[in-house]
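Notes to accompany the following structure.
As structure tokens, this is what we get:
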């Protein structure tokens, strides 16, 4: 019996060592909400790109807002963003933000039809299944090239899944009343009704893609899943707040998505990270479902954004306890801008 137990112990140890030896760890980058013209970010972008290019990241994910919220949504905005993404050596996955489509109806954005701008992005920036960047990577897309929901993507690498969803700021493009429809806006009531119809359809599609991604991650044995969106879905309240109604005040466009995310996280044995921009301050916490009821396997990461022209490096190791380890990468040449000096 002793010899048998010893043999089993040795075999188990050997198997563990073999698994550890075959496990592949790697790094990715997270960035977004830049450059903003009103913050004069443009001169600081080259140093950011150089810093990321000098790293060993396998790919990066940009979590939306390719311009600020008070500049026009011209075609050049999307062309310039494509050029910025393609200046990185590693592949880039682009997740849409509100400033490049949801808010384009604003008069200071040029008074565009924001749904037309969304369609333009889909047709010009998602005309193929590949990523951006000098090196391309194939991505799974929810929709066909150039069509609805093509911007929702996912990819898997060595035990972890990465999902990009079009969940932008400005209440996820949900319009609650006439005041929010027409304030500083060129929208008509008919356009606001169309926005709400768009929100309803896309919100359902986002949830379906997320649920399918969790199911695939489980089936494939992934230990971690990272969901990347642009909008702050209601986390920018004091950590002491535990009233879910207060949490979602003016952010009801995210309620169904959050409920689905909480349900999927509870049913997932591995680690779940939700990455977003929108609020521009680097932050890591565990805010769900509220301050007094923590989901231990859920982590929220808020990325840098204008005027903080920096990025986050994520070390990914499916054999580690947390799967994802986040490190702020302060670009030395841009530190004085962050300090306002």
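Residue numbers (the numbering used here): 8 to 348.
Glycine included, every Cβ here is placed at the ideal spot set by N, Cα and C.
Neighbour-count burial assignment, residue i, 16 or more Cβ in a 10 Å radius
i           : result
residue 300 : exposed
residue 331 : buried
residue 141 : exposed
residue 357 : The requested residue 357 does not occur in the structure, where the chain is confined to residues 8 to 348.
residue 167 : buried
residue 105 : buried
residue 28  : With a pLDDT of 44 at residue 28, under the threshold of 50, the modelled position of this residue cannot be trusted, and the question is left open.
residue 149 : buried
residue 67  : buried
residue 134 : exposed
residue 334 : exposed
residue 320 : buried
residue 229 : buried
residue 26  : Note that residue 26 scores 38 on pLDDT, short of 50, meaning its location in the model is unreliable; the coordinates nonetheless yield the value given after this. Classification for residue 26: exposed.
residue 31  : exposed
residue 209 : buried
residue 107 : buried
residue 202 : buried
residue 194 : buried
residue 258 : buried
residue 328 : exposed
residue 338 : buried
Proximity below 7 Å, CB of residue i to CB of residue j
i           : j           : result
residue 158 : residue 221 : no
residue 182 : residue 232 : no
residue 36  : residue 64  : yes
residue 44  : residue 340 : no
residue 234 : residue 302 : no
residue 126 : residue 287 : no
residue 115 : residue 177 : no
residue 261 : residue 179 : yes
residue 113 : residue 186 : no
residue 307 : residue 322 : no
residue 109 : residue 175 : yes
residue 146 : residue 94  : no
residue 296 : residue 269 : yes
residue 197 : residue 122 : no
residue 118 : residue 80  : no
Cβ separation of residue i and residue j, assumed to be a contact under 8 Å, to the nearest whole Å
i           : j           : result
residue 156 : residue 212 : 5 Å
residue 71  : residue 284 : 6 Å
residue 101 : residue 131 : So it is not a contact: roughly 12 Å between Cβ atoms.
residue 275 : residue 225 : 7 Å
residue 171 : residue 160 : 4 Å
residue 111 : residue 129 : Residue 111 to residue 129, Cβ: 14 Å. No contact.
residue 313 : residue 87  : Between residue 87 and residue 313 the Cβ distance is about 15 Å, and since that is not below 8 Å, they are no contact.
residue 277 : residue 304 : 7 Å
residue 38  : residue 343 : Contact flag wrong, Cβ pair sits at about 19 Å.
residue 98  : residue 59  : Not really, about 12 Å apart at Cβ, beyond 8 Å.
residue 51  : residue 69  : No, residue 51 and residue 69 are not in contact; Cβ-Cβ is about 16 Å, not under 8 Å.
residue 214 : residue 267 : 5 Å
Bridge partner(s) assigned by DSSP for residue i
i           : result
residue 379 : Residue numbering for the chain in the displayed model covers 8 to 348; residue 379 lies beyond these limits and cannot be assessed.
residue 158 : In the DSSP output, where bridge partners are listed per residue, residue 158 has none listed.
residue 148 : 160
residue 34  : 322
residue 308 : 282 and 291
residue 137 : 145
residue 297 : 300
residue 67  : 36 and 99
residue 113 : 192
Short CB-CB distance (under 7 Å) between residue i and chain B
i          : result
residue 60 : Chain labels in this structure do not include chain B; a single protein chain is all it has.
Cβ-heavy atom distance, residue i to the ligand NAP, below 6 Å
i          : result
residue 68 : For the structure depicted, the ligand NAP is absent and the ligand set is empty, with no information on it obtainable.
Write down every uninterrupted run of the beta strand (DSSP E) in the segment 221 to 292 whose length is 3 residues or greater and which is fully enclosed by it, in chain order. 231 to 235, 278 to 283 and 290 to 292
Sequence ranges, beta strand (DSSP E) only - wholly within the segment 69 to 110, length at least 3 = 99 to 101
**Entirely enclosed beta strand (DSSP E) segments - the segment 164 to 217, minimum 3 residues** = 167 to 171
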